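In this note's numbering, the protein residues as written are 342 to 851.
Think of the CB as a built atom: it goes at the ideal place given N, C-alpha and C, for glycine as much as any other residue.
These figures come from a predicted structure and were not determined experimentally.
Reviewing the structure listed below.
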Amino acid sequence: MKKQSLIKGSLVLACAGILAKFLGLFFRWPLIMLIGDEGLGYYQMTYPLYMLFVAIAAGIPIAVSKLVSEKNALGKYEESFQVIKEALKVMVLLGIGTSIFLAVGGKFLLPFLKWDDKAYYSILGICLAPTLIGIITPIRGFFQGFQNMTPTAISQILEQIGRVIVGVGLAYILIDKGIEYSAGGASFGAVAGAFVAALYLIPKYRKIKNSFKLGKIKGSHKIFMEIINIALPISIGAAVGSVMGVIDSVLVPQKLLQAGFTGQEATVLYAQLTGKATVFTNIPMTLATALAASIIPIISELYILKDKVQVKQKIDTTMKLCMIVSIPCFLGLFFMAEPIMNLLFPGKADGFMILKYLSISVPFLVGTQITTSILQGMGYYYRPVFHLFIGCILKVLLTMNLIPIRYLNIYGAVIATIISYSVVLILNLIYMAKRFKYAPNIKDVIIKPIFASILMIGTVLYLYTQALKYSGSNSISCLIAVFVGIIIYMISLFVLKIFSVEEIKGRLRN
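In structure tokens form, the structure reads like this:
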């Protein structure tokens with residue numbers, strides 16, 4: 342199986358991720374048009390439960406990726422297949438257990454979490470997803486361990502297509518029964534998407550396995566323990582982030598009630614935060630996820646081979662890519678929040694101010710994910726988890742105390758997100774400097790991308806206002822301005838020598 346370089350692998354996953362996010366908008370847009378912000382609130386309340394399982398399970402594919410990469414570097418291919426075998430055992434059992442818990446315990450969760458009873462159908466809709474996720478995530482980790490991101494990328498696109506077609510279709514069919522049933526149908530889209538991804542990945546894995554002609558793969562308690570030792574801290578760290586989402590789903594509506602809002606108003610504001618604004622801020626996270634998936638097996642392999650020069654080079658490239666994406670995304674979303682929201686949700690752009698201020702968190706969110714992955718790729722599993730735990734505690738305290746302030750209301754949650762992730766990023770960078778004397782090149786990583794981003798956003802704002810003046814169309818003006826802005830930004834990257842053509846060619850090869 343041919344390996345892909347850091348940049349090439351990241352590009353493959355990033356392109357797939359962006360396409361998947363774009364397809365996700367085709368899911369989100371008709372859903373909002375069908376069930377409105379209130380129905381979206383029921384859907385979003387239960388979604389963090391699904392994401393919590395995904396987060397708990399996240400350590401397994403990363404552990405698989407890291408271990409497979411290390412075994413392959415040492416030529417131990419049979420052990421690579423033992424890794425995936427043991428990982429599938431763990432994940433399938435965990436997935437089935439979670440599915441049973443959601444199906445049987447859904448009604449008991451509602452009063453415990455103080456959710457609206459109408460959210461029950463969304464829990465039922467999503468309950469089978471963990472079982473299927475338990476199958477596809479270890480297989481994705483296996484391919485990433487071979488430093489081949491293409492199967493993961495294709496499966497992500499197929500998963501989203503299945504989610505959109507089935508989720509939107511069921512939401513439309515069930516709308517006459519009530520928005521709660523429609524929201525439940527939309528939730529079932531996650532099950533359909535995971536099923537489609539499994540149909541693609543399982544035969545792909547079997548084909549690779551058969552090509553090695555290793556015969557029957559035996560189980561290995563030693564490898565099982567290796568997986569658990571790596572996966573546990575990573576899963577805890579990922580779960581901390583998702584616990585923040587679950588806490589928000591409980592705390593935010595409650596604290597909005599304390600601020601004097603009605604139950605329906607609280608649900609609508611929560612939907613605007615998590616169902617609209619967060620959708621946009623998650624787009625740059627696509628590249629962060631792609632970089633994280635690519636960097637862990639590469640750094641693990643180089644680290645076990647003691648190639649310190651290459652390790653430093655890969656970290657530099659990753660940090661640079663992290664900032665040249667997150668900084669322009671922050672400025673673009675901050676200054677163009679209303680036009681972008683109107684472009685994708687015409688007539689239902691309420692919440693654009695939430696997006697405007699939430700965009701400030703983008704560089705900190707991306708930076709946190711990347712630095713966490715770098716540390717874990719080098720074997721420092723628990724320290725970034727500890728930093729995330731500190732961030733989680735800080736976010737809870739800030740959310741509890743800021744949202745009840747009437748003039749802050751939902752923006753209290755936004756402030757809590759910005760502060761908590763900025764603290765985690767700073768702690769990660771301090772630890773990286775302390776442990777392996779790494780410090781990012783401020784000029785290349787921060788100053789140059791900021792300057793290029795300012796040139797870009799200045800162009801975008803000017804073109805948008807001029808195009809709007811002549812065309813009268815927000816959609817046309819927004820698309821023209823953003824398209825030209827991207828071109829200006831790409832040119833600026835080369836003019837400012839953030840990346841040279843030769844460097845890109847070299848990085849694509851290695």
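- The stretch 687 to 705 and the stretch 721 to 740 do not touch, with fewer than three beta-carbon pairs separated by less than 8 Å.
- Per DSSP, the unbroken alpha helix (DSSP H) holding Lys653 starts and ends at Lys649 to Phe676.
- Where Val707 is concerned, the enclosing alpha helix (DSSP H) starts and stops at Val703 to Gly718.
- Excluding five sequence positions before and after Thr627, the CB atoms of its chain that fall closer than 7 Å to its own CB belong to Ala355, Gly358, Ile359 and Lys362, given in chain order.
- Taking 9 Å as the cut-off, the beta carbon of Pro680 is found closer than this to the beta carbon of Ser818.
- DSSP places Ala527 within a helical segment (H, G or I) once states are collapsed to three.
- The beta carbon of Tyr461 lies closer than 7 Å to those of Gly447, Lys448 and Leu451 in the same chain, with the five residues before and after it left out.
- Around the beta-carbon of Ser552, fewer than 16 other beta-carbon atoms lie within 10 Å, marking it exposed.
- Every alpha helix (DSSP H) of 4 residues or more that sits fully in the stretch 489 to 561 is shown, in chain order, as 491 to 515 and 520 to 553.
- In this structure the stretch 420 to 431 lies against the stretch 554 to 570, because at least three pairs of beta carbons, one per stretch, are closer than 8 Å.
- Minimum Cα-Cα distance from Ile467 among the listed residues Lys417, Arg481, Phe453 and Ala444 corresponds to Ala444.
- Counting along the chain, the unbroken alpha helix (DSSP H) around Pro725 starts and ends at Tyr723 to Leu743.
- In this structure, DSSP gives Arg481 a helical state, which the three-state scheme calls helix.
- For Phe777, the uninterrupted alpha helix (DSSP H) segment begins and ends at Tyr752 to Phe777.
- A direct Cα-to-Cα measurement between Leu768 and Val584 gives close to 20 Å.
- In this structure, Ile549 is the residue among Ala822, Gln595 and Ile549 with its C-alpha nearest to the C-alpha of Glu419.
- For Trp456, the three-state secondary structure derived from DSSP is coil.
- Within the model, the alpha-carbon separation for Met374 versus Leu643 is close to 49 Å.
- In terms of CA proximity to Ala631, Thr491 leads the group Pro669, Thr491, Thr439 and Ala533.
- In this structure Leu473 touches Ala535 by the C-beta definition: roughly 4 Å separates them, less than 8 Å.
- DSSP places Ile746 in the coil class of the three-state scheme, outside both helix and strand.
- In this structure, Ile701 sits away from Ile751, with a CB-CB distance that is not shorter than 9 Å.
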